[in-house]
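Peer 1: My numbering numbers the first residue of the sequence shown as 4 and each following residue consecutively. So that we are looking at the same thing, I have put the structure below in structure tokens.
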Amino acid sequence: MEDQNFETVPSYYRHSITGLGPVSPNDQRNIYALLNGSNFNGPDRLGFRFASVKLKRKRPESDQLSGTENRCETESLLSPGLRFHQSRVNKVDRTGSFHWAPDMPYSKATLTPSQAGEFKFTNHILVCVVGTPTNGPLNLENFIMPLRFHWKEILDIVILGNSQLIGQQEWDKLKNFPRIFIVNGDPCSFTDLYAVQLSQCNACVILGDTNEELDSQNVDICLQDRKTLLCAMNIRSLLQREHHLVHLTTELRYERNAHLFSSVDTHENDYKLPVWFNEPFARGFIFSNSLLYSCLSSFFYNEDVFHFLRVLISGQATDELETSFAVGAGLQEGLPDQTHRMPGVNVTLCGFDEPPFCFMANEQRRILCLGLYRMENRGFRYVLANPQPKTLLYSTDMFYCFMPIAKNDKPDIFPFGNPPKIVLGPPK
């Protein structure tokens with residue numbers, strides 16, 4: 004029997020299993036059959052770890068239930084996370100745009116901080132929702148849909164905050180997206196941040212308070228983000244203590260508070276400049292809805308800008324998705340024989356030594372460049388969003404662009420041969 008390391012276990016078993024002790028070969032077969040819902044006919048797998056469930060020892064065959072009944076009894080003991088990972092998430096929805104999973108009840112997707120600590124999340128996306136329950140929806144589907152495109156790697160999405168912030172109507176739009184966890188806790192609490200493995204996350208986003216009472220004239224406008232700033236300070240202090248680099252993005256209601264996220268060198272100048280010229284905005288540390296509102300004039304005069312943003316958020320089947328959400332149908336399961344997958348675009352950082360730019364770039368390649376990624380003398384990178392036509396390019400330059408994604412979940416293959424070799428001879 005060949006031992007397998009835990010890293011070799013498929014991703015959909017991750018966080019599902021924890022070893023309590025030595026596992027016999029018979030028990031290994033039972034575990035494998037249990038997780039797949041069928042009789043064992045594959046290789047033995049070691050290294051499984053049971054985190055939130057203890058399986059009973061195998062009873063005599065005369066006392067065993069049938070395969071279906073046994074599976075139903077065991078599923079009642081399983082934690083919500085194991086149910087998440089039991090379903091293979093290689094299915095797509097009917098539009099061919101997003102990963103799809105069976106309906107997940109809201110009660111099963113909600114965890115307490117102690118339950119979340121047992122999952123040992125890693126390389127996940129942490130969303131900290133600051134505030135108290137209000138009547139307005141959070142519209143989290145607009146945040147989650149770009150992370151669940153069929154060509155994207157599926158990372159766990161952990162939402163930390165008051166569970167009542169997400170109502171049943173909003174959950175109906177999220178219940179078919181795989182591996183979404185709601186942790187009922189306080190994003191300003193150090194204990195809850197440790198429980199959701201802050202230091203092990205891939206990225207962290209703080210959504211600001213949407214309570215309309217903060218707009219009262221009795222409250223200083225600078226204090227609208229007081230809870231958001233407190234949460235950001237706690238997270239930054241924990242990350243500095245753990246010496247772990249995590250990209251943190253914070254939503255601000257009052258954009259002038261952006262200077263609080265500036266470094267010491269640029270703090271004085273950032274306070275005097277508009278927010279879109281500040282260092283925190285350029286580095287993606289802060290985001291403000293007022294910046295999005297400024298795009299409304301562009302939408303009015305150029306509807307292509309609006310359609311472009313819709314495609315970035317919900318793909319090319321936007322109209323079909325909006326109709327499905329409007330009638331309460333949610334994300335529909337793809338057909339059994341469906342092979343169609345919607346092509347899309349992905350934000351990519353490329354270099355000029357990679358195809359197609361090592362040969363030639365033109366409009367026929369359907370690549371939209373966003374900015375030039377250049378290194379300055381001090382060793383810091385910055386982005387030129389609108390470089391001058393006479394700007395000289397260097398070998399160390401890179402660029403952000405929208406790269407077309409083919410239906411096979413990979414970037415389009417450009418039919419180029421080897422680059423031509425330029426031989427420089429002596430001058431004549």
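Heads up, the beta-carbon is just placed ideally off N, CA and C, and yes, glycines get one too. Since we're looking at a predicted model, the values are computed, not measured.
Give, in chain order, every unbroken run of the beta strand (DSSP E) that is at least 3 residues long and sits entirely within the segment 226-294.
Peer 2: If we require 3 residues or more, the beta strand (DSSP E) runs fully inside the segment 226-294 come out as 250-255 and 289-291.
Peer 1: Answer with buried or exposed for Thr-231, where buried requires no fewer than 16 other C-beta atoms within 10 angstroms of its C-beta.
Peer 2: The residue in question, Thr-231, is buried, as its Cβ has 16 or more Cβ neighbours within 10 Å.
Peer 1: Ordered along the chain, which non-local residues of its own chain (more than five positions away) have a Cβ less than 6 Å from that of Val-130?
Peer 2: Closer than 6 Å at Cβ, skipping near neighbours: Ile-162 and Val-208.
Peer 1: Just to confirm, is the Cβ distance from Leu-255 to Gly-318 under 8 Å?
Peer 2: No, the pair does not count as a contact, with Cβ atoms beyond the cut-off.
Peer 1: For Ser-398, which residues of its own chain have a beta-carbon under 8 Å away from its beta-carbon, when the five flanking residues on both sides are left out?
Peer 2: Here the set comprises Phe-355 and Asp-356.
Peer 1: Closest to Gln-167 by CA distance: which of Tyr-109, Ser-240, Arg-377 and Trp-279 is it?
Peer 2: When each option's Cα is compared against that of Gln-167, the closest is Tyr-109.
Peer 1: DSSP puts Arg-377 in a beta bridge; with which residues?
Peer 2: Tyr-385, per the DSSP bridge assignment.
Peer 1: Rounding to the nearest angstrom, what Cα-Cα distance links Phe-288 and Glu-325 in this structure?
Peer 2: Cα to Cα, Phe-288 sits roughly 30 Å from Glu-325.
Peer 1: By the three-class DSSP mapping on this structure, what secondary structure does Pro-339 have?
Peer 2: Correct three-state label for Pro-339: coil.
Peer 1: I'd like to check one pair, Phe-101 with Phe-152: are the Cβ atoms closer than 8 Å?
Peer 2: Cβ atoms of Phe-152 and Phe-101: closer than 8 Å.
Peer 1: With respect to 7 Å, is the separation between the Cβ of Leu-163 and the closest non-hydrogen atom of the ligand FMN below this value?
Peer 2: No copy of the ligand FMN occurs in the structure displayed, which carries no ligand at all.
Peer 1: Can you tell me where the alpha helix (DSSP H) with Leu-312 in it begins and where it stops?
Peer 2: Run containing Leu-312: 306-317, per the alpha helix (DSSP H) assignment.
Peer 1: Using the DSSP secondary-structure output, state which residues sit across from Gly-347 in a beta bridge.
Peer 2: In DSSP, Gly-347 forms a bridge with Ile-408.
Peer 1: Where Pro-181 and Pro-149 are concerned, what is the direct C-alpha to C-alpha distance, given to the nearest angstrom?
Peer 2: Cα to Cα, the separation comes out at about 13 Å.
Peer 1: Starting from the Cα of Ser-117, find the closest Cα among Thr-194, Leu-276, Ile-128 and Arg-97 and give me that residue.
Peer 2: The residue with the shortest Cα to Cα distance from Ser-117 is Thr-194.
Peer 1: Can you tell me whether Val-350 is buried or exposed, with buried defined as 16 or more other CB within 10 angstroms of its CB?
Peer 2: Exposed, by the Cβ-count rule.
Peer 1: Glu-323 and Thr-115 - do their beta-carbons sit closer together than 8 Å?
Peer 2: Going by C-beta atoms, Thr-115 is not nearer than 8 Å to Glu-323.
Peer 1: Skipping 5 residues on each side, what residues in its chain have a beta carbon closer than 7 Å to that of Ile-238?
Peer 2: The residues are Leu-196, Leu-201, Cys-207 and Leu-251.
Peer 1: In the DSSP assignment, find the beta strand (DSSP E) that holds Asn-187 and state where it starts and stops.
Peer 2: Taken as a continuous stretch (DSSP letters only), the beta strand (DSSP E) holding Asn-187 covers 183-187.
Peer 1: Apart from the five residues on each side of it in sequence, which residues of its chain come closer than 8 Å, Cβ to Cβ, to Ile-224?
Peer 2: Closer than 8 Å at Cβ, skipping near neighbours: Tyr-257.
Peer 1: In terms of alpha-carbon separation, which member of Phe-146, Ile-147 and Leu-177 lies closest to Asp-106?
Peer 2: Here the closest residue by C-alpha is Leu-177.
Peer 1: So which of Lys-155, Leu-334, Pro-283 and Leu-375 has the shortest CA-CA distance to Asp-175?
Peer 2: Of the listed residues, the one whose Cα sits closest to Asp-175 is Leu-334.
Peer 1: Roughly how many angstroms lie between the CA atoms of Leu-276 and Gly-382, to the nearest whole one?
Peer 2: So the two alpha carbons sit approximately 24 Å from each other.
Peer 1: Of the residues Leu-375, Val-249, Arg-384 and Leu-233, which one's Cα is nearest the Cα of Gln-391?
Peer 2: When only C-alpha atoms are compared, the closest one is Leu-375.
Peer 1: Taking the alpha-carbon positions, what's the Leu-85 to Arg-259 distance?
Peer 2: Since pLDDT at Leu-85 reaches only 46, below the 50 mark, its modelled position is unreliable, and the value read off the structure follows with that caveat. Cα to Cα, the separation comes out at about 44 Å.
Peer 1: Between the C-alpha atoms of Gly-337 and Thr-321, what's the straight-line distance to the nearest angstrom?
Peer 2: Whole-angstrom Cα-Cα distance: 16 Å.
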